[in-house]
Each structure stands twice: as structure tokens, then as C-alpha cells.
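Everything on this sheet refers to the single structure shown next.
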Amino acid sequence: MLTEPVALMLLLSVAGVVLNIILYRLQSLQMIVSFLVFAAMLALNLQLYGTIGETLVLPVVVFGQAMSFAVSPLAFYFTLMITSITLLTVIFSLESLRGKACTQAYYLWLFLKTFGMLGVVFAADLLTFFLLWELMTWGTFFLMQQTGGESFSPAKKYVVYAVSSSMLLFLGIALIHAWTGSFSFREVAAAFPHMPEGMMLLVVLLMTVGFAVESAMFPLHAWLPESYASTFTSLTSYLSGISTRMGIYGLILLLFGFVGHELADRFQLIGVINLRYIVSIFGALTIIIPTFTALFQHDAKRLVTWHGIGQGGYMILGIFSANALGIAGGIFHIFNYMTYVTLILFSIAAVEYRTGTSNLNKLGGLIKRQPVAFLGLLFGIIGLAGIPPMNGFVSKWFIYKALITEGYPFLAISAIIGTLGTILSVYKLIHNIFLGQLQPEYNEIKEVPFLMQLPIWVLMLAVFATGVFPGPILSLIAEIQSSFGLAPVPYTMTGVDPAAGTLDMLVITTVFIGGLLLAWIVFLLGHKRRHVSQYQNYAAGHFLDESIPYNFNYNFYTGFEHIFNPMKKKVIARTEVAVSSLVEAAGDYLRRIYTGNLATYAMYIMAALVVTSLFLKELI
Amino acid sequence: MVNPIMLILIPLLTVFLINLVNIKWPKFSAGLSFLAIALTTGMAFTLLPEVMQAPIEVVIAGTKAPIGINLLIGPLGLMLSLIILVTSLLVSMYSFSYISDERKGMYSGLFLLLIVGSLGMVMTGDIFNLFVFFEILCISSYILVAYQRNEHSLEASIKYLLLGSIGSLFLLISIAILYRGLGTLNIADIAARVGELPPSTRIAAAAFFTIGIGVEAAIFPLNSWLPDAHSSAPSSISAMLSGFVIEVALVVLIKIVFSLFAFAALFWLLAVVGVVSLLIGEFAAYRQENIKRMLAYSSIGQVGLILFALSLGTEAATRAAFLQIINHAAAKSALFLVSGYMIIRTGSYQIADYRGIARRMPVSGFVFFLAVLSLVGVPPLFGFFSKFSIVMAAVSSGSTGATVLTGLVLLGTVVEAAYFIRVLQHFYQREPAKAVTAARSERGAGAESSIEAPIAAMLPVLAFALFLTGGVLLLGSITGLADAAVQDLFARLVSVLA
Amino acid sequence: MMIPLSIHTILNIGSFGLLVIGLAIIFTKRNLITMVIGLNVADVGANILLVNAGFVKDGTAPIFTTAVGSAQAMSDPVPQALVLTSIVIGFGITALALALIVKLYRRRTTLDVSKIRGLKW
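Residue numbers (this note's numbering), protein chains in the order written: chain A, 13 to 632; chain B, 86 to 583; chain C, 12 to 132.
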């Protein structure tokens, strides 16, 4: 029983928590132990492939309900992402966080959080799911405030959002249990269609909103940018790479596991507008608004975290598209997003590690100082922008294709507009960090140590390889689709079957590389070239040389900002302020009940007596 | 076999003994009271297997009920007695170092009387005895609230006393009404014949009883004394008052409502009032700057939650309420005890003055952290399971009203999480407040050294924390006891009157 | 028309009257000592209500003697015992209240409850 890989993985993550408590003050031991444990977890996870479909019932009984875990294809897909990205994060942190005073509890919370995520994904009943979901969100909370002071306030904001979302889920789960009499996924799924319509709608709404908060869907995304950006950069990548996607996992589970597509379409409002379509509209808004907000960020981390929100919108559009290709695209995008966003953030972390800042107004020209980080960022942003041959292109192509064939032109257009915004802002990212003039104070900077380069290389390979050969991942996704009774995506090793729409990444990559080669040849054949230093530049009709330091990077998109400024209404920020002052005002008014005056208190007692008597007299 | 009456007699006789000992050797009073409580606790545990078989009835002075006075100890009574005794045992251990002035003897005696009153209330089978024990409980807590003899504690004590006396008066009126109508004081006997009363008399008795005990049970709007009293009492007493005194009053109220006044309308009224208490408590706590006042308002909220669960009137909800009582007893006691030494060390009640205190009081900070999470209901702590079962039970009771109320309960949880997290973050800030930097322990030393509470005070606090974390492993047996208590309670419920 | 008033009814009315007067004092007066007196008045009302519950018209003391054969003709002894207890408790509370008021008065020099609001909200 306990030798099952699932049980072992869960046990190992608990062991990780315990070991980190024991080794609380011994940082180097903490690092080594954590690395070894996470490596073992990844190894175990790979073994799980053979056991897909099996269920494990732990001898832990909570309220007469044994905790049960199952290795579904979806669970395998998610845990593989979780364990691999955690291992990479740990490898990266080994060097990047070494010697930082405030990291004593870092690995501890990382293990707790990982335990929560693995448990949520493996869970085969709602009780286990909710228990570990709570654990996971609190783990996130503790993890994101590791840097101390400045991260406390955004973390508190997160906890308010997260607890609210947990409570919505809680109510939804309680209602499901009250109606179906069971927690088990299988029984709930079987009984779900027999629920009364109104109750079903209520449950679906509660849980959709609950998961939407965790996946930072517009307009419930406001907790994310600050809280992710104010923590360690290696954590930012972990959090935005996988943590936010647990909400998407919940949505997939709800939509395909419980409700089912046919049922989801039953909630018709007017004409074609059904619940699924409404969620998709929010998905589209999630793409556009945060992506264009990202454009005006002056901090690299914050810029990327805003994209993290935006990319979630693509996943939602795909998953809710009711099309084999679209669903596959949505699920595939989770993996792709994880790889390239982690790559981008690791590269930014590498820069930050040397320069001490991620402020886009202060960096520039680092291309020759940190070539590995540059290459990592380049690969990452190509993926993020959805340009071939990186993997982001494949999943986005699936989603566009599905939206067009299913007849949602507006959603498709909004996805494309989002991509436009992405390209603009990632250009800002790479330009402001690596291109242009080098700031004089960074003259002596070197590339980061090998342990920090390693994850960057691995991820570069992943982003490229799964872009050219998406087949292996798509085969997993096809399994997920069949496990939910959906039509599997007709994949091939390098794309999709010509019957479903022609996509052969090998051809595209060959053309792409061929084009690059052609350009290279033209370049070689052209006129003789002159090498100029980074300081010799040309701007607005003026030559700029070393004597005229000119910072291009400062306020990069001022023009755009000018155009978009009138549109920034800050509705969400204002709503947040309004809600928090409402709670404060409510507290202030309610506590005025306790006037401090004994005579008033005595009157309360008398009034209570009268009211109780009258109430009882009336009703009996 | 232990006679259950010993549970009351031992502490009561020790009170007299302490008063004698106190004349010559005041030092020993605290140890004596600790020993008495430890002995009583041990006895209560030995009663456990027997009571689970069948309730024990103790006949006093050779006359059987309904004429004589009797004690009736079922699983419900024993469960509450255990909560009372274990909490007070740990708190009395904490008091060794916490209460260091020359009035130790008085403190120990009153402390024991408080326990006697609580134990008597949960064990008695006689409604007038209930009144007497209730008064013992009230009077000893009035004095203990005023123990520090400063302006605030005197003010709080007087308010508590006058409001509590109005409550006692109502309780007495209710007893008079019942006796006039039925000529008996035995609760079981009244329950059997309560139908003979004319409805208006029954309603009057129900209303006076509910309001009378409701003052002590801190039901809104009768709880106006609570924030003052719980925040002005010595922290050890706050722990007792919040930890079990209100809950005992609440369970006794529900027990009597179950056996004598099982009106469906009254259950609904109490459920709604419970949720209102919860929301008012949590929202008011959100705006508190004084740590003990915040904890006191949080108690109002928690008691509202317990009342809500108890008055749903289903077995699952009642069991959940019992779990929540246990969780609250451990968590809130731990919070008050921890804050007690924070107040001593920094000399301040203001949360703002505790910035960064967890770095100088690491154990206290950690226990506070655990207790807070357990109150909010974070797995795998005990509080998660109690809150989870309350919500499940409330929603599965099937009525729309209960579901709406549950939604409000969950809203209260969000507010609760928000204000508790604010305090926690304050504790773990990097730059300490002036009061924290200036704080010194009795061992002296500099600004960087630990100002942790002495070990005798930390042990009970750690025991509470250990229960909150490890209590989950005992969940099976605790649920077993709670189940028996639920059966005990529901055996009294003949039928609910619509 | 004369309504025949039994002693029982008079006592009942009297006890309710005392209760109402006592509570009215508590709810309308602001002086702490007056409030305590009100509490005492109400307490007396409740005690009379209680002792009246065991009242038997023309009853004798509840002692079995040759003169009185049946228990029906005796006053109920239980309420009398209860009232004794209740009076003692009331006495204790009053004493405690007055002691606390004295202590508070030394610090605050006021007895007006609307001014003793150091603890609120």
C-alpha cells in the first residue's frame, strides 16, 4: 500500500516538510535534502505512467470517509508538470537563494505547497480535494511572503481572495454532498445530472467562481501581480508557472468530470448565449485587459505576471470551446505556458541575481554580459508570443483554429489582439534588458553560475522540442480527452492529422530555419560590415555615441500609454478599496452597538426578552 | 468506582482548605489547587468507560428524584466536564508563574469555585441546583474579572455583575414559573410533564430561561459585557471564560431547550441569532486594535457559530458543534495565554506594539500562529474538521434557510481570516516595534535575546498547540465521545413543537 | 361588584409589581447604587413569586403532627428552602456589587453609568 508511487510521493512531500523543520537553521543541508527529495518525487512520478487508471485508498479515515487518490491521465499530466517544475525551481534556488537570511522556511513551504498541489490533483473524492485545496492555498500564502515586509500586504490580499474562493468551493461541495450523498468523484459525476436544475446552476456558479479566483480569471485577478512579483523571482516562476493553473485544473474537473459538456450547454440564457459562452467571454477579457496592462509595467517580473493572467485566458477559451482541437489546445497551453514562463522568469532572475534589479527603466544592453539569460529570454518570449517554432505557437494555433471552426469569430479576434499585445510587451522586455546601451554600472557583470544556467538550458530545450515534436504531450492529452469521454485530438508526432487541419511543425520549423539561413547568407553576401560598440547608436536622426548616454529604455511605451491612459478606469482597484472600506465601516458601525453604557446594555436585555416572548407567542 | 459527586466535592473542599492554608502558607495555594484539579481530572477520565455504558445518577441525601436532589452524569455532562477540567488544569499550570502577586490564595480559591460552578451546571439534574451552580460560576467570575483592581477591570466587573444579575433574576423567575405550574424541580420530571402547562406559561418560562442563561452564554444582544470582561480579566481567566464558561452556559441552554422548550420557532430564532452574533463578532473584531478585545470579539463570533450549529437540531450539526467547542476551548485558551505574556513583556495591549514580536518570542508566536489557523479552519488542524463538519451538517439539513445562514457563516470566516492574518503578519514583521525592542524578560539580557515566557507557562500553551495539531489523530475517539453526547442530548428531545 | 381577592392573588400581583418596579429602576436610573437597589427590589419580587408558588390557603407549617394529618393541608416547604438560598445569593451579589462600586468610585469619582464608559466598542 505505502509502496505505491502515489503514496510515496505524498509521503515524501510530508517528509520534506518535517525534514525542513528539523534542519531549520542548517541552510545547506536543507538545500541538499530538498533537492534529493524533489528528485526522488520526479522519478516516482515518471513511474506512474504505467499505473494510470488505478485508484489508491489511503487508510486515513476522515469522517467515515477514507481518503482516496486516483491516477487519472489528467492527474498524471498535472503532477508531471508539478514535480518537474518544482525540481527545476529547487535547482535554480540552490544557487540563487544561497546565503539569503530569510529562506529558512522557504523549502518547508515549498514542500507543503507541493504536497497540497499533488494531493489536489490525485484526489478522487471531494473531501480529499477540498482538504488539500485549502492546504495548497495556505501554502501559497506562506510561500509568497518569504521576502518579508513588502510582500506581506499583497500576500494578505491573496489570502482574502483565496479564503473567499475556498469558501465558495466549500459551499458548493457541501451542496453537492447534500444532494448526491457522496464525495467520491465517480458517484458525484453519476448523480450530478439528476440534481434539480436550480441547485445545479448554483453549484456550478459557486465552483466556477471559486476556481476562477485561483486561476486569476478577469475580473478576479487583482490579487496576482503584486503578490507574485514581490516574492523571490525563482518563486514567481513557480507560482505563475504552475500554482495559478490549479484553478484551471479545477475548471477542467468541474466541466468535464462533473457537469459534462452536454449539461453545460443546457444552461441557456438567450439564444446561443449559455454558461459556457459566458465563461469564454470572461476568458477573452482575461486575455485582452491584463495583456495590455502588462505593456505599461516597468518591472520585468510584474510585466510577466500580468502575462500570466492573460495566458490563462487562452486556456479558458480552449477548454470551453467544445471542440477536440480547442480542448487539446487549452490543456496543451498549460504545459507550454509553464515551460516558457518559467524560462522567462529564470532568465530575469539570472539578470536580477547579477544586477540586483528587475526594473526595466534601469537595465539594458546586457546581451554580451549574460548571453545564456538572453538566449533563455529569447526562446521564452518567442513561446509566449506564440511564434513558431516554439511550443506556444502550437497550442495557440489549436485554439484559434477551434474558435474559428466552432464559429466564435469575436473570441478568435480577441485572442489575436491579445497576441498582438503580447508581442509588443515582450519586445519591451527583451529590449530593455538586453538590447540598447549597457548601463556603465553593469560593465563588470558575468554570466550566472552553472546551477542557475542548467534549468534555463533544460527549459530552452523543452520549449523548442515540444514545439517541433508536440506529439508525446499530445498523446497524453488525447488520453485525458478519452478519459472524460471526449473526442481525442487527432495528433501526429509533429502536429495534427491533415483531416483536422494541417499543422506539421517539422515543416514549419524547417521553413523557419531555412528562412533564417537565407537571411544569414544574404547577410554574409552583403556589403562589408562595420563593428560598432554598444554605445554607438542612432536615434531620431541623431547619432549617439559614448559621450551621449541616452536611455531608450526609460518609459518605453510612453506613446501607447498616452493612448491607453483614458481607458484605465481602475474599476477593480476601486472595487477592492470599496469592499475593504465597506468591511471596515461595517465593523465600525457594528461595534458601536457596544456603547459602553450600562443602561443601554440593560435595555438590550429587556428588548431581547420582549422580542423573544413575542416571537414565540406569534409562532406557537 | 468513583462517585461522580467527588468531581464537585474535591474542588469545593479544596477551596475551604486553601482559605485555611492561605493564612499561614500562601505559597502553597496554587499548588494545592493544581493538585485538586489534577485529581479531579484523573477521576473524570476513570468515569469515562462507565458513563459511555449508561449515565450515572447520583442520589443525594438518600432521597430519590423527583423529590430529592440528584446529579445526572451522561456522556454529555462528562464530555463537558472533561473540557472544563483539562482546560483548567493547563490554565492553572500557567497561573503558577503568571499570577505572581500576594493574592495568590484568593485567586486559586476563586479559580476552583469557577470550576465547581461549571461542573455543577453540566452535571446537575435539578433546575434549582442549576441556578445555584450558575450563581457560583457567575460570582466567582465577577470577582476574577476584577482581580487586577484597575479602573478597567473594575468597570468591566461591575457591568458584568449587573447584567449577569439581571440574567440570574430572569432565570429565577423562569424556575418560579415552572415550579408553580408543575411543583417539581427535577429536570427529567419537568420534561415529562411540561405539556401540562398552558402554552402561555410555557412560552414565558422559555423566554425568561433563554434570556437568563443567554446573558452568560453571550448570545447577541445579551453579550455586551463580554468584550469588556474578557479583555480586562487576567489572561488566564480570559482563557477560562472564553475557553469553556460561555460554551458551558450555551450547552446548558440548549440542553434545557431540548428537554423543556423544544419549539421549532425557538430553534430558528437561536440559529439566526447565532449567525448574527457571529457576523457582529467577526466584523467588530476586524476593527480592534487591542489584542485581548479582538480575541474577545472573536469569541463572540465563535460562540455564534457554535450556537448556530447547536440550534440546527440535527445530530450531525450537534456533533459538529461539540467538536467546535473543543476546538475553540483549545485554540482560544492558547491565544489568550500567549497574549498574556506578550502583554507582560511589552507592557502594551496594542497590536501595533507587537510588531516583530515573534522573533523574540518564537514559541509564543508559533503557538499563536497555529491557534489562529485552527480557529480559521485550516487543515490539517483540528479547527478544519470542526468547521467542515458544521458546514456539511448545516447544508445537508436540506432547508434553504440553513444554506443561506451557512453562506453568512462562511462570509464571517473570510473576515476572521483577514483580521487574524493581519495580526500574524504584524508578529512576523522584520523591524520590531519600540515596545518589543525595549522588552526585557526577568532573566535580563539585551535587545536581541529571547523574551519568551517561563517554561511553566509555555508547557500548557504547547499542550494546547499539540492538541490542535495532533488532535486530528484522536478525532476518532473524540467523535465517539461527541456522538455519545449527541445521543444523550437527543434522548431528551421527545418531539419538536412546530 | 367586589372581586374577592385572595392573599395568593395579592401576593402574585405584588411580586410582579416589585419585579416591574425593580426592573424599571435598573432601566431608567443611571446611578450605580440606585441600580443595585433596583436589582434588590426585583430580586425580592422574584423571591415572593417563588415562595408564593408553594402557598396553600390556610396551610400549616410542613411538619407532621397529630393535629395535621394530610400533606395537602401543609404549605410546600421546597420553595421556602429555595427562597432562603436565593436570598443568600442575592445578599452576596449585593455585597460584591457595593464593594466593587466603592472601589470604582475611588478611581472615577462618579457613579453615573453613562459616564463610566472607559470600555466601549
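Note that CB positions come from ideal geometry on N, CA and C, so glycine has one too.
The structure displayed is predicted, hence computed values, not measured ones.
Close beta carbons around residue i, own chain, < 7 Å, minus the five adjacent residues each side
i, result
"Ile-32/C", "Val-52"
"Leu-130/A", "Met-21, Leu-22, Ser-25, Thr-91 and Ile-94"
"Val-106/B", "Phe-113, Ser-114 and Leu-117"
"Lys-244/B", "Trp-310 and Asp-313"
"Leu-144/A", "Gly-128, Gly-131, Val-132 and Ala-135"
"Leu-41/A", "Leu-35"
Between the CA atoms of residue j and residue i - distance to the nearest angstrom
i, j, result
"Val-571/B", "Ser-383/B", "26 Å"
"Gly-49/C", "Ile-540/B", "48 Å"
"Leu-14/A", "Val-29/A", "In this prediction, Leu-14/A scores a pLDDT of 48, lower than 50, which makes its location untrustworthy; no coordinate-derived value is stated."
"Gly-584/B", "Pro-88/C", "It is not possible to answer for residue 584/B, since the shown part of chain B is limited to 86 through 583."
"Gly-479/A", "Leu-460/B", "48 Å"
"Leu-420/B", "Ser-471/B", "18 Å"
"Gln-514/B", "Gly-128/A", "26 Å"
"Asp-600/A", "Gly-184/A", "31 Å"
"Ile-617/A", "Ile-331/B", "17 Å"
"Met-379/B", "Ile-37/C", "29 Å"
"Glu-418/A", "Gly-253/A", "29 Å"
"Arg-381/A", "Tyr-454/A", "9 Å"
"Leu-451/B", "Ile-154/B", "The amino acid occupying residue 451/B in the given sequence is Phe; Leu does not appear at that position. Cα to Cα, Phe-451/B sits roughly 47 Å from Ile-154/B."
Beta-carbon proximity check, residue i vs residue j, cutoff 7 Å
i, j, result
"Thr-192/A", "Ala-203/A", "yes"
"Leu-471/A", "Thr-369/A", "no"
"Ala-550/B", "Leu-175/B", "no"
"Pro-401/A", "Phe-524/A", "yes"
"Glu-107/A", "Thr-245/A", "no"
"Phe-552/B", "Ala-415/B", "yes"
"Gly-205/B", "Asp-573/B", "no"
"Gly-366/B", "Gly-398/B", "no"
"Pro-464/B", "Leu-486/A", "no"
"Glu-573/A", "Phe-182/A", "no"
"Ser-80/A", "Asp-137/A", "yes"
"Glu-236/B", "Arg-117/C", "no"
"Tyr-439/B", "Ser-321/B", "no"
"Val-358/B", "Phe-305/B", "yes"
Sheet register partners of residue i (DSSP bridge)
i, result
"Tyr-61/A", "Answer by DSSP bridge pairing: none, since Tyr-61/A is not bridged."
"Ser-196/A", "Asp-137/A"
"Val-143/B", "Leu-156/B"
"Gly-507/A", "Thr-504/A and Asp-516/A"
"Gln-77/A", "Val-74/A"
"Ala-82/A", "Thr-67/A"
"Thr-488/B", "Note: Thr-488/B sits in no beta bridge, so no partner."
"Asn-375/B", "Gln-435/B"
"Thr-209/B", "Leu-156/B"
Cβ shell of residue i (< 8 Å), same chain only, five flanking positions each side left out
i, result
"Val-494/B", "Val-360, Leu-363, Leu-390, Phe-393, Ile-475, Val-476 and Ala-479"
"Leu-626/A", "none"
**OP:** Report yes or no: do three or more beta-carbon pairs, one from the stretch 432-447 of chain A and one from the stretch 288-307 of chain A, lie closer than 8 Å?
**Re:** yes
Original post:
Looking at C-beta atoms only, is the number of pairs between the stretch 250-268 of chain B and the stretch 55-65 of chain C that lie closer than 8 Å three or more?
Top reply: At 8 Å Cβ cutoff, the stretches touch.
Original post:
For the stretch 481-498 of chain B against the stretch 154-161 of chain A, are there 3 or more C-beta pairs whose distance is under 8 Å?
Top reply: no
Original post:
Counting Cβ pairs, one atom from each stretch, are 3 or more of them under 8 Å apart for the stretch 201-221 of chain B and the stretch 360-376 of chain B?
Top reply: no
**OP:** Would you check if the stretch 272-280 of chain B and the stretch 220-236 of chain B touch, i.e. whether three or more CB-CB distances between them fall below 8 Å?
**Re:** no
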